[in-house]
Structures are given as C-alpha cells and as structure tokens.
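See structure below.
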Amino acid sequence: INAEYGLTEDGKNTGSFLVDGHNVPSDGGHLLTSEQKEALKKFKTETEKQACTIRVYEMSGKGLVAKDTGATKWCQGTSDPYVAVTTLRPGKKPKKLWKSSPVKKTLNPEWKYADPLEIEEHRLWNAFQFALYDKDLLVHFKSAFMGAVSFPPGFIAWLMKETGKDKITLIFDKLGTTEAHQKDVVTGSFKVVISITNVHGSGSKKKKK
Numbered sequence: 041i042n043a044e045y046g047l048t049e050d051g052k053n054t055g056s057f058l059v060d061g062h063n064v065p066s067d068g069g070h071l072l073t074s075e076q077k078e079a080l081k082k083f084k085t086e087t088e089k090q091a092c093t094i095r096v097y098e099m100s101g102k103g104l105v106a107k108d109t110g111a112t113k114w115c116q117g118t119s120d121p122y123v124a125v126t127t128l129r130p131g132k133k134p135k136k137l138w139k140s141s142p143v144k145k146t147l148n149p150e151w152k153y154a155d156p157l158e159i160e161e162h163r164l165w166n167a168f169q170f171a172l173y174d175k176d177l178l179v180h181f182k183s184a185f186m187g188a189v190s191f192p193p194g195f196i197a198w199l200m201k202e203t204g205k206d207k208i209t210l211i212f213d214k215l216g217t218t219e220a221h222q223k224d225v226v227t228g229s230f231k232v233v234i235s236i237t238n239v240h241g242s243g244s245k246k247k248k249k
C-alpha cells in the first residue's frame, strides 16, 4: 500500500512509504477504514503523554544522490552516506540523538545491527527523523544533505499492536527535504526496520535496586 506520511520539521510530507503491506494513514488518514481511524485516534489519546524505547535493527538507502563530484576520479559519482537520528520537538529546536558511521563510496548504503540501536525515553508522538548526509572524507568540509524521512514512534507502536508484529519495516520510496535544505537535490529511497517497546508514562523513573 502506497501512502504519503511522515512530516519533516517544517511540516512537509517526506513522500510515500510501504509498511509491511499494512494500510498507512496519510495526513487525513483517508486510507484507513472507519474502524482503523477510530482505533488510531483512541490509541493516540491514551498514549499522548507517554514515552517509549525505540529500537533500530536495520537501515538502508537506494539510489541516493551523488555528492562526490570533484576532480578525483576514484570518488566521482558516489557519496559517503551516514544517518543522523533526531527528535523533532514542537516549539523547540530538533535534538540530535545518534549518528551512524559513514559507508564509503556508495549510493546504496546498508547498516545492520546484531544488537539493535536503542534510544530510550523518547516521547511517543514526537516525530523521529532519519536524515542522510554525505561525509566528506578528504577535507573538513560541512557534510552535504542527501534527504530525510520522519514519523512519530506512536504510529509504529499502533501498527505493531494492530498487526501483532514484533518489528515493522518502513520503505520510503521518496526521500524528502527539511526547512534548512529545501533547495537541495534529493533522490532515492530509504528503508528502516524498527520496533517500539517499553511504552510508559512520561517522566517515570526506574526504581533503584
């Protein structure tokens, strides 16, 4: 099922994506049945102020834009992509959470984790952004933007509840831009395998043993 979803920090659609063959709501949720709309609305109301742990098992890009176009022949027409993970908080500056290692000279990078990347205490309905950049490995230039996708973890938690799956595969068939990179050329798709666990009341503290 193709659908538009996922908002960048400036509120624009990042493109469409596939979610394990499950119907995905667009901005108005018009691809959901009436029952699904009500179920999602109820779930969001019940979990509005809750936090969670996000686990990332796998990421990959395909057909990304080539940023290395200099005079050095061995790197022409390629990029050295890495992923920066950020939380988008309403009324606040985006908060950087984590950055992957770069994959050299490729437009089809892959990152797989035997032990999933874990991000704890993330608000369930604050958007979670994956932004791709080209790492300049030759000189200390600023990393070049290659595209971004974003979505609220709460939607993934709801999908897991609806489908009974222990993880969800998102395939964004079109990368989007952000407020700071509206004029940047962006191409390609992005895939992430993710799960949401430990949903609990925001601000709760673990008891000391």
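Throughout the sequence shown, residue numbering follows my numbering, covering 41 to 249 in sequence. Even glycine gets a Cβ: it sits at the ideal position worked out from N, Cα and C.
Identify, in the order they occur along the chain, each residue of the same chain with its Cβ nearer than 6 Å to the Cβ of residue i, setting aside the five sequence neighbours on each side.
| i | result |
| --- | --- |
| L164 | T87, Q90, C92, P193, G194 |
| N166 | T127, R129 |
| K144 | D120 |
| V232 | M99, L210 |
| E160 | T93 |
| L80 | W198 |
| F83 | W198 |
Taking the continuous alpha helix (DSSP H) assigned at residue i, which residues delimit it?
| i | result |
| --- | --- |
| A79 | 74-87 |
| L199 | 193-203 |
Report yes if the C-beta distance between residue i and residue j is below 7 Å; otherwise report no.
| i | j | result |
| --- | --- | --- |
| G228 | L215 | yes |
| W138 | M99 | no |
| F212 | V189 | yes |
| T127 | K133 | no |
Spatial neighbours of residue i within its chain, please: CB distance less than 7 Å, with the 5 preceding and 5 following residues excluded, ordered by chain position.
| i | result |
| --- | --- |
| K175 | D120, Y122, P142, S183 |
| I236 | C92, I94, P193, I196, A197, M200 |
Residue i and residue j look like a contact to me (Cβ under 8 Å); what is the Cβ gap, rounded to whole Å?
| i | j | result |
| --- | --- | --- |
| V125 | F170 | 6 Å |
| F185 | H221 | 4 Å |
| G187 | L147 | That belief does not hold up - the Cβ atoms of G187 and L147 are roughly 12 Å apart, past 8 Å. |
| I208 | H162 | So it is not a contact: roughly 16 Å between Cβ atoms. |
| L172 | G101 | 6 Å |
The beta strand (DSSP E) with residue i in it runs from where to where?
| i | result |
| --- | --- |
| P121 | 121-128 |
| K102 | 90-102 |
| P156 | 150-163 |
| S183 | Unbroken run through S183: none, as it is neither H nor E. |
| D174 | 167-174 |
| S229 | 229-241 |
| L215 | Element bounds for L215: n/a, residue is neither H nor E. |
| L137 | 135-139 |
Among the residues of its own chain, which have a CB less than 8 Å from the CB of residue i, if the five just before and after it don't count?
| i | result |
| --- | --- |
| Y153 | V96, Y97, E98 |
| H240 | Q90, A91, C92 |
| D206 | M200, S235 |
| P156 | R95, V96, Y97, S235 |
Within 10 angstroms of the Cβ of residue i, are there 16 or more other Cβ atoms? Answer buried if so, exposed if not.
| i | result |
| --- | --- |
| D108 | buried |
| S140 | buried |
| T85 | exposed |
So does residue i have its beta carbon nearer than 6 Å to some heavy atom of the ligand HEM?
| i | result |
| --- | --- |
| T85 | With respect to the ligand HEM, the structure shown offers nothing to examine, as it has no ligands at all. |
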